[in-house]
Amino acid sequence: MNECVLVVDDDREIVKAIAILLEQEGYQVLKAYDGLQALDLLMTCSVQLVIIDVMMPKLDGLSAVMRIRERQNLPIIVLSAKSEETDKVLGLSMGADDYVAKPYNPAELAARVKSHLRRYTSLGDIHAGASGDEIRNGRLCYHTKERVLYADGEPVRLTATETKIMELLMRNAGRIFPAEEIYRRVWEEDAFAPENTVMVHIRRIREKIELNPKEPEYLKVVWGIGYKIEKMETTH
Amino acid sequence: MAIKLKKWKQLINFGTFFLGVSLTVTGAGQLADRFFGYGSPENPAEVFEQDYQKTEEFRWRMESKFSDFLSMATGDEVGWAYGSGGAWYDYGFASYEDYLAACYDGEVREAVAGSWWGSTDSVVQEATREYLSEAEASYSEIPDEWFELEVQEDEDAGRRLSDGMEEKERRELAKAAADRYHEAIREDKNLLYRISCDGKELYSNMEDADWKKYGDPLPDGYNFLMFYDGVHILAQKDGEELNLYGDGYYRGEAGQWYVPGYRNVAVDEELKKAQIVMLVAKEPADYVYVRYGNDGYSSFGSQLYQVARNTRKNYEQMQSGLICLAAGAALLVVSVFFRKDRKVLHAAIGRFLGKIWFEPKALLLLFFVAVVILPFFRYAGYEYTWLYEEMMYGGYWGSGYTMWEISRDLLRDFASLIAGSPLLLLILVWGIYFLVLDVRTNGKHFFTGGISRLAKCFETKSLSLPFTKRMVWRFLLVMLVSAVLIVTEFALVVSITGNGMLANFVWGNGAAAVLLFLIPPAAFAAVCVWYLSRTRKQAGELERVAGRVRAIHDGDYGESEDLAGCVELKEMAEDLGGIREGMEKAVEERMKSERMKVELVANVSHDIRTPLTSIISYVQFLKQEQDLPDHVKDYISILDEKSQRLNNMVQDVFAISKAASDQLPVKLERIDFGKLLRQTLADMDEQIKKSPVTVRAVIPEHEIAIQSDGSRMYRVFQNLIQNALSYSLEGSRVFVELREDASFAVACIRNVSRQELAKDADFTERFVRGDASRTDGGSGLGLSIAKSFTEACGGRFEVETNADLFVVTVSFVRV
């Protein structure tokens, strides 16, 4: 049976659009148009993921998220026209797992839904079986023995150089590496103007691991300093 | 009725108190005067003496008379002035000036100082000469000390006693003086005398019947007898024998008779021939002898009568003092029972006194000081001229007075002056009483009066003047007063140092001099103090206003208590308050409008995004449709493009409004400017390669550290480079250059515009672009965002155009 996604937004066209998008991906979609309705549906139906708007009549999105979190542990993606950093932080602190700003990128939204569902439904055992051979960070997981990077449990096809870069960064998640250092440690030689070379590889890796390569969550450029992999908190 | 009764009761009560205090004070003063004042006896017991013949004064009067009579008996000069200061005044000289003149005349130098009866003339003359030569060596003028000298003058003006005079001639002169003396006192029947030598009676004012020989009863009205038989004095009083000699040795003690007859006193043979009888009346009658001769006028009174009268008076004074004291004490005791009523009355009196201006009180006080102190000073001025010499020459006479003794005497004199005069004493006591009452009841208001009211009036008037005028007026006033005072003082000094009546008066009165010299400087000091206090107040307020101005300058528009108390600068403070309020309001309004603007933009962008979300979503679905005619696909791609642009614009507008209202959160950290540029270029590598221009980067390899927010600055350079790529002339080169100087790191992006740049256009203005038609891709906000972000990160953003050359400079302070 396909996973069931609950989409909540007071704008019916948006709900419909998201529903079309997700149905194309093969999910079952439930629709609600305010917070209370969403809570009712959650009580009666089996739902694996919730996409919820913030500004809604009757019960607003953030309150609804809190109410849902009181009983259920399913992934929640907050969808909001408020795009500011503070709104994002607020949403995440209320118990949401992800935050997508409107207008959303359909492909990104679909990818996020997929990612969350995979982790929620089928990766439970991977969480449990964490061992010394793995470096885990959010949806990424690097197997040091196999020298394979997994995203959402699926192996990512990386070139040898890309794998080396990812190994370096994954082993030191959160640490910022200047391009020179990355070049020296991966290519094992000094380089003149390595910025371009490193940047090209970074961009390529992003295409493979990030849900939205234009707004990377993991592989980030620290402007004026270097590059790093964001250290994620494992939410569930 | 009850009130009236109460009033009466109060009046009586206060009357009792008033009378009690007055009587007590008067009585105490009288007694104090009697015991310690002038003419108070050496022996305190004598205060209660009613019999004048038992007083000290009587004793030494008798001694001196006896001494004179002894001289008359032996044919020596009459030294009757002996022991009585001022005797010359009674006899011989018509006036003090005559006496001075006589002193000045160098011939009158026969002094009897240190003489003892019977000592030979040569001894006396030797002593006198010695003294005078010493005195002359010390003083070029007549020394005041001569006043102490007993000087004798012959009645014969042409011939005077002098050195080397024939014994016979001297005897004649002495006899003439004695005769004259006898003539003067013989009619004074208070003292009967008989002076004999070798049994021969020389002088007498007695009838034989009165008294013949020792042992006879004294005549009526006489009760005191002194009989000198050539060896001893036999004395009788009220029929009883008196022993004048005590144990028979002379020690110079108080109360001892200074007469011959002691065992340790040697007496010349000459004196043994003399026989003197003196009879003293029990109650002496007044007797005055006045003579008007060719040598001037002189008068002579009965000394015994004066002694008796003084004794009686003193006794009466003491008696009345005691009575007053007793009555006063009794009244005070009574008034103790009415304490409470008196308190009410005191309050009433205090209130009444408070209504009186300060000036009359001050005048009264001055008057009082003048009445009490001036006479004292004048008196002291005359009486204590010797004090000056005492202090200057350390006691020429070897009197051995110490400063303490002198000041004690002065104080004693002062006290006895006041104590002896009931009126002065009462004025003093009640003056102090009312002064204390006034000050206690009215406190500080004691000083309110005409002048202070006038001053207050002046203050109020002057405060209504503008500040600068007020300062000038005040200063002029001070100058005027100062000038007047200085001129007054100068005139005073000139007139006083000159030789006029005023000078005499002032120098004759120590207190007057002090007052006159002190008043103008004191007034001047008061004016100075006033001016200083005003100026200080002004300065203080000025400082407060200045502090407030500084605070406002620094952006503190809050209300403040500082200026509430300003008096001098009231207007200025009020104006400043107005400015502050205006500023506060303006700033508040600006803040409010900024906030509203951001809120508005946020709301609008939110409201736009919601439908935009639907548009973008459905356009995406449309794009996925396969079987659409080509022109529809074309339309859809336009929709897609424009909806994306709209999305970008909304985001940019939102960002820029936040940045413009300083609400953009920035995270400043130390970054490498060069690396930032290289990263940005690397990140945009694909775009650059696709564009028809070449990018030339000149970026130093080494670190150029600045303090900034990397992600915001990435956005800035992304925009700038994108701009350059979009608007540059095809085939031209874009120069990205990073320079550094001593304190700045400057990034410079130069490109040649494809289109002609409008002159004077501010490219950082929102929605301004090279072409006005706005048909190309940009939102028109790129430069504006770049500028806002740069400034939010603490950098400087400048756009410069030179013909078609477009230059953007971003500079940061190096760290």
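First to last, the sequence lines map onto chains A and B. Sequential numbering of the first sequence, starting at -11, is according to this note's numbering. Sequential numbering of the second sequence, starting at 61, is according to this note's numbering. Ideal placement from N, C-alpha and C gives every residue a C-beta, glycine not left out. Quantities reported herein were computed from a predicted structural model and do not represent experimental measurements.
Residues are counted here when their Cβ sits less than 7 Å from a Cβ of chain A; for the region 739 to 751 of chain B these are Gln739, Ala742, Asp743 and Asp745, given in chain order. Only Asn707, Gln711 and Phe714 from the region 705 to 716 of chain B bring a Cβ to less than 8 Å from some Cβ of chain A. Measuring C-alpha to C-alpha distances from Val875/B to each of Ala585/B, Phe849/B, Val796/B and Phe733/B identifies Phe733/B as the nearest. Exclusion of the five residues before and after Arg669/B leaves Val710 as the residues of its chain whose Cβ lies within less than 7 Å of its Cβ. Within the region 93 to 111 of chain A, Pro94 place their CB atoms closer than 7 Å to a CB of chain B, listed in sequence order. Nearest CB-CB separation between Asp732/B and chain A: below the 7 Å threshold. Take Tyr21/A, set aside five residues on each side of it, and the residues of its chain with a beta-carbon closer than 6 Å to its own are Asp(-2), in chain order. A straight-line Cα-Cα distance of about 11 Å links Arg135/A and Ile123/A. Annotated as distal: Ile731/B and Ser703/B, with beta-carbon spacing of 7 Å or more. The DSSP-derived three-state label of Lys403/B is helix. Using a Cβ-Cβ cut-off of 7 Å, Ile809/B does not count as an interface residue toward chain A, since no Cβ of chain A sits closer than that to its own. Comparing C-alpha distances from Gln335/B to each of Gln316/B, Gln296/B, Glu376/B and Asp289/B shows the shortest one belongs to Asp289/B. By the neighbour-count criterion, in which a residue is buried when 16 or more other Cβ atoms sit within 10 angstroms of its Cβ, Lys735/B is buried.
For the options Glu851/B, Asp743/B and Asp801/B, the alpha carbon positioned closest to that of Lys202/A is the one of Asp743/B.
Here Val88/A is actually not in contact with Ile64/A; their C-beta atoms are around 11 Å apart, not less than 8 Å. Rounded to whole angstroms, the separation of the alpha carbons of Arg640/B and Ile612/B is 7 Å. Ala807/B and Thr869/B have their C-alpha atoms some 6 Å from each other.
For Arg100/A, there is no enclosing beta strand (DSSP E); the enclosing alpha helix (DSSP H) covers residues Pro94 to Thr109.
Within the region 677 to 703 of chain B, Ser677, Tyr678, Gln680 and Phe681 place their CB atoms closer than 7 Å to a CB of chain A, listed in sequence order.
A check of alpha carbon separations from Leu728/B across Lys415/B, Trp590/B, Glu519/B and Thr850/B identifies Thr850/B as the nearest. Three or more Cβ pairs drawn from the region 247 to 256 of chain B and the region 331 to 350 of chain B lie within less than 8 Å of each other, which places the two stretches in contact.
Counting only Cβ-Cβ distances below 7 Å, His666/B has contacts in chain A at Ala69 and Lys70, in chain order.
Going by DSSP, Tyr787/B is part of the alpha helix (DSSP H) stretching over Gly770 to Tyr787. The C-beta of Ser524/B comes no closer than 7 Å to any C-beta of chain A.
The shortest C-alpha to C-alpha distance from Lys235/B to any of Ala515/B, Phe108/B and Met132/B is the one to Met132/B. Between Ser674/B and chain A, the shortest Cβ-Cβ separation is below 7 Å. Ser813/B and Ser786/B have their C-alpha atoms spaced approximately 9 Å apart. Fewer than three beta-carbon pairs drawn from the region 71 to 81 of chain A and the region 11 to 29 of chain A are found closer than 8 Å, and the two stretches are therefore not classed as touching. Proximity of Asn200/A to chain B, defined by a Cβ-Cβ separation below 7 Å, is not satisfied. Shown here, Pro166/A sits in coil according to DSSP, grouped into three states, outside any helix or strand.
Our two residues, Leu425/B and Lys373/B, have alpha carbons roughly 33 Å apart in a direct line. Closer than 7 Å to the CB of Asp(-2)/A there is not a single CB belonging to chain B. Note on Ser593/B: under 16 other CB atoms within 10 angstroms of its CB, so exposed under the neighbour-count rule.
Taking a contact to require three or more Cβ pairs closer than 8 Å, the region 322 to 332 of chain B and the region 303 to 310 of chain B qualify as touching. For the 7 Å CB-CB criterion, Ile2/A and Ser674/B form a contact. Not one beta carbon of chain B lies nearer than 7 Å to the beta carbon of Pro143/A.
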